[in-house]
Amino acid sequence: MTSSPESPAAEGQGTEPGQRLMDILRTPYTSVFSTNEQGTEYFMPATLRGVPVTKIAEDDPYWETRWESLDVFLSKEDEEKRLVHESRARLNLDPENKAVQKDCKFHQDNMSKYHKIREIFGPNSSYHPNQLVSKPHMPEDGFCVKELMYRLACKVSDLQVLQRKGFLAMDPWDFIRWRVGLKIQERLTFPGERAVSFMRTVVYKLCDDGDAVTNPHGDPIMRQAAILAAKCQNRMGNYKTPKPSTTNGDPRPPPPPPPKKKRGRPGTRQARMEKEARAVEERRQERRARLAAVPSTYQGVNAFKAQMQARNVLRDGAGGS
């Protein structure tokens, strides 16, 4: 599908990156979202059409039994907390054990993910992961999977920072759904196509660095928003952001990659092999010459006859003198 004025590839062209980001963050909800006449389901954007406006529950008609359960996932948080305590106790007994260290970190990381997911998608939240996009674009088992929910929760958390700072006009969850919808529309070619095959990748890589070639699933606006949120919280260490380099106000092209180190001069191995072959042949010739220079004790029948004749001639000559 070609880029439209709404697409990430086209919006805000010709403006400074900072100004472009601020303009998009100030986009009002009403310019993107609309509902049906009853106000119960989204009508626009198209990637949300038919999705309930209010948070869904697992006993709602909209819920699909094949989807992973958010409630079941959150119910496992206490078990993860127990595993954290156990791994810490083992680490206290054996602090130099690498396997125990790794196990303890694994459970601590999981506990942090549970906290963030509960904060953003828990019972006190109005957001549900399975309302990110409409059913035709969703993975078969939905979005209630730990790593997917954690990625989404972190994105929402970043945008909440921008909302509190007054940078973001619409609700953080709505902003993410808008940006995800634009990325879907950008990648689909024909009407009626679905984003199932790459939907998870969009969630994982939406805020990752890269251009349309190196990261076709990324959204530069979402990445810039995440970096702005990091600056507001003084945690820029989470992002690799090279200092901008300009010439006369225009961005300089990135420097060429350093040349690869050569392992040796071209043809060195072939030349060495040829030199060794010549040396072997020279040694063969020398050996043949030495063998040829050594007189044989037996020269053959003809040589023996010639020697006998020579002896007879000498003997006869000696007798006649």
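Just so we're aligned: 54 in my numbering is position 63 of the sequence shown, and the numbers increase by one with no gaps anywhere. Think of the CB as a built atom: it goes at the ideal place given N, C-alpha and C, for glycine as much as any other residue.
Pairwise C-alpha distance: residue j and residue i
{"i": "G172", "j": "P36", "result": "7 Å"}
{"i": "R57", "j": "H128", "result": "15 Å"}
{"i": "S116", "j": "Q92", "result": "34 Å"}
{"i": "P19", "j": "F158", "result": "12 Å"}
{"i": "R191", "j": "K96", "result": "26 Å"}
{"i": "D202", "j": "L12", "result": "16 Å"}
{"i": "G183", "j": "G41", "result": "15 Å"}
{"i": "T26", "j": "T45", "result": "12 Å"}
{"i": "K104", "j": "S78", "result": "17 Å"}
{"i": "D210", "j": "K196", "result": "8 Å"}
{"i": "K146", "j": "A221", "result": "11 Å"}
{"i": "R226", "j": "R178", "result": "32 Å"}
{"i": "M161", "j": "N88", "result": "49 Å"}
{"i": "P207", "j": "I108", "result": "27 Å"}
{"i": "V271", "j": "E265", "result": "10 Å"}
{"i": "T288", "j": "Q261", "result": "In this predicted model, T288 has a pLDDT of only 48, less than 50, meaning its place in the structure is not dependable enough to derive any value."}
{"i": "R81", "j": "A90", "result": "10 Å"}
{"i": "N83", "j": "I218", "result": "37 Å"}
{"i": "R274", "j": "R263", "result": "17 Å"}
{"i": "Q10", "j": "I47", "result": "36 Å"}
{"i": "E325", "j": "D94", "result": "It is not possible to answer for residue 325, since the shown part of the chain is limited to -8 through 312."}
{"i": "S236", "j": "D200", "result": "Residue confidence is low: S236 scores 49 on pLDDT, short of 50, so the model does not pin down where it sits. Its coordinate-derived value is still stated next. About 17 Å."}
{"i": "L65", "j": "E110", "result": "11 Å"}
{"i": "D85", "j": "Q151", "result": "41 Å"}
{"i": "P114", "j": "T180", "result": "38 Å"}
{"i": "S125", "j": "G228", "result": "35 Å"}
{"i": "D69", "j": "K137", "result": "15 Å"}
{"i": "E28", "j": "Y53", "result": "18 Å"}
Residue interval of the beta strand (DSSP E) (run including residue i)
{"i": "F34", "result": "33 to 35"}
Residue i - containing alpha helix (DSSP H), residue span
{"i": "S148", "result": "137 to 155"}
{"i": "R40", "result": "Per DSSP, R40 belongs to no alpha helix (DSSP H) and is neither H nor E."}
{"i": "I108", "result": "89 to 112"}
{"i": "D62", "result": "61 to 66"}
{"i": "R226", "result": "Element bounds for R226: n/a, residue is neither H nor E."}
{"i": "I175", "result": "163 to 178"}
{"i": "K315", "result": "Lying outside -8 to 312, the shown extent of the chain, residue 315 is not represented and no answer is given."}
{"i": "V193", "result": "190 to 196"}
Proximity of residue i and residue j at Cβ, strictly below 8 Å
{"i": "I175", "j": "T38", "result": "yes"}
{"i": "D149", "j": "E59", "result": "no"}
{"i": "W169", "j": "V23", "result": "yes"}
{"i": "H119", "j": "L61", "result": "yes"}
{"i": "K156", "j": "C223", "result": "yes"}
{"i": "P130", "j": "V187", "result": "yes"}
Anticipated Cβ contact below 8 Å, residue i with residue j, distance rounded
{"i": "L143", "j": "V63", "result": "In fact, because the Cβ distance is near 18 Å, the residues do not count as touching under 8 Å."}
{"i": "L123", "j": "F112", "result": "Between F112 and L123 the Cβ distance is about 11 Å, and since that is not below 8 Å, they are no contact."}
{"i": "L16", "j": "L153", "result": "6 Å"}
{"i": "E55", "j": "P43", "result": "Contact doesn't hold; Cβ gap of about 13 Å is too wide."}
The stretch 74 to 82 in contact with the stretch 209 to 225 per 3-pair CB rule at 8 Å: no
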